[in-house]
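To start, the structure itself, in structure tokens.
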Amino acid sequence: MNWQLPSGRQSLYIKMITLITKAINNGELLPGQQLPSERQLAELLKVNRSTIQRALNELVSSGLLTRRRGSGTWVSMDKWGILNENVNWRTYLAANRFGDPESYLKQLRTLESDPQAINLAHFNIPNRLALPISLNHVSAKQLVEQENHVDISGAAVLKQQLTERLSPLLKQPITSNQLLITSGAQQAFYLITQGLLSYGDAIAIEKPSYFYQLTLFQVAGIRVYGIPLLEDGSLDLEYLQQAYYKHRFRFLFVNPNGQNPTGQMMPLTKRKELLRVCQALKVPIVEDDPFGITNAVSANRLVPPLKALDPDNVLYVGSLSSLVGNQARIGWLLAPSFVVNQLADIRQQMESGMSIFPQIIAAQFLAQSDLAQQIQHQAVRLRRKQQLMQDALQPFVDQGLISYRLPVSGNSLWTHLQATRQLNVTDYNLFLKHRVLVRPDFLFGSHQNNVRVGFANLDSTQVPQLQERLQLILATL
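Numbering (our numbering), first residue to last: 299 to 775.
Next up, the structure:
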């Protein structure tokens, strides 16, 4: 970061507050990152330490920074926990908080088009492993007629397929008026923020979690707080309860089935404990289940979703992405009918209704008689990819340089780097330098020397080069 005070006539401590606040908004300073010491800041900015102390004290009071006795000053892990009383223009700028050319995500996205890069950054399956999806036996005239008569909450033909597929998984009868069809899971989350939350409301999410990368919460002025995820894939319930009484969460967003990024599955006993706590606190749950439809079609009954255990207090979100990747952006929200009606109406008012075309395609896809066999074949191919990644990483496991746990679901390994110190944001630039594209844990709200390594895109011809590059990276960290 460029430690240089902005120009202007403001007092020095105001300039310093402006500098740090802007750096946090732009992603130059990330949650959990340590600031230089007061002495170092005084030297860098050429101001008195008393000025530094005054500015830092105000930023700590506002919640943007935290202090750890004997350790220093850090950017708050709850970056989104503070809102201004006036219009908070930071929430609008936050939608582009990764726009800085030097930011990790900006560089990663640029390198994705580099043919020399080994892309292990993605969680979803690539197109070559996605199940084929196509439109059959529907004329243009029929599409137009259905488009004119489709309900604002989604096409009846798709809802019928989903009710048949999901009812056994969720162990309850599902009616079409409980389903809202969306253009992917993220639109479901967005509609929840617009229809069920207000500016300034607080929500809880897992930490680490891919929810940290969804800027829609911040842009909507929602305060986001992370609840530590335990080794077995469950939440720290004591921490959750303490945080609730401090922040009064309106919702808990969780991803208990093949959690992203850890790949873990919350145990049944811990699911029941979580539901009991949330019922006592009167906190509803939004359950994201990206592999729900896969489990439903293939009759895979690992652990019942939260929705199956508590139909009344859980909103259930799913999508087709685990099967078809990005070929069809179709998702759904299962909720009480009056919630579905309200959210569908909000979407309609925003002039962003769902087109009938992808819904018809999705309905035909789900109606295939051999879909379970296709899913089984896809699973075999993904297991081969996972084994290929395990073989590639084994030399580094043997050397004690990395460790990982196999995912219960998902297409990535949550890999721990056995460094002798806590890595900072700039350390992970080594991966970019050597064109190994991974997602470090700071992108998921955590700082524990972990990276998410996707294996679905890995090709056997890349393994020797991947091992060579990893050896250079891990030897430097």
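Don't be surprised by glycine CBs; every beta carbon is placed ideally from N, CA and C.
Residue pairing by DSSP places Ala502 opposite Tyr523 and Leu550 in a beta bridge. Take Gln765, set aside five residues on each side of it, and the residues of its chain with a beta-carbon closer than 7 Å to its own are Ala690 and Pro693, in chain order.
For Val638, the enclosing alpha helix (DSSP H) has its first and last residue at Ser635 to Gln647. Here Ser617 is bridged, per DSSP, to Gly629.
In the same chain as Asn422, and ignoring 5 residues on each side of it, the C-beta atoms closer than 8 Å to its own belong to Ser619, Ser620, Gly623, Asn624, Asn709 and Ala754, in chain order. Ranked by Cα distance from Ile654, the first of Leu403, Leu357, Asn475 and Ser481 is Ser481.
Of the candidates Asp725, Ser432 and Pro554, Pro554 places its Cα closest to the Cα of Leu527. Excluding residues up to 5 positions away in sequence, Ser635 and Val638 lie with their Cβ nearer than 7 Å to the Cβ of Asn475 in the same chain.
Per the C-alpha coordinates, the member of Gln351, Lys320, Ile350 and Gly370 positioned closest to Leu333 is Gly370. Per DSSP, Leu433 lies in no beta strand (DSSP E) segment and is marked neither H nor E. For Ile479, the enclosing beta strand (DSSP E) starts and ends at Leu477 to Thr480.
Residue state for Ser465 is assigned as helix, using DSSP reduced to three classes. For Asn748, the enclosing beta strand (DSSP E) has its first and last residue at Asn748 to Gly752.
Distance from the Cα of Asn346 is smallest, within the candidate group Ser359, Arg521, Lys320 and Met314, for Met314.
Under the DSSP definition of a beta bridge, Ser401 lacks any partner. Short of 7 Å from the beta carbon of Gln716, and not among the five residues preceding or following it, lie these beta carbons of its own chain, in chain order: Gly698, Leu699, Ile700 and Ser701. When only Cα atoms are considered, Arg426 and Arg679 end up about 11 Å apart.
The alpha-carbon separation between Tyr510 and Gln647 amounts to approximately 28 Å. Annotation: the continuous alpha helix (DSSP H) that includes His675 extends over Leu669 to Asp696.
Rounded to whole angstroms, the Cβ separation of Thr461 and Thr473 is 7 Å, and the two are in contact under 8 Å.
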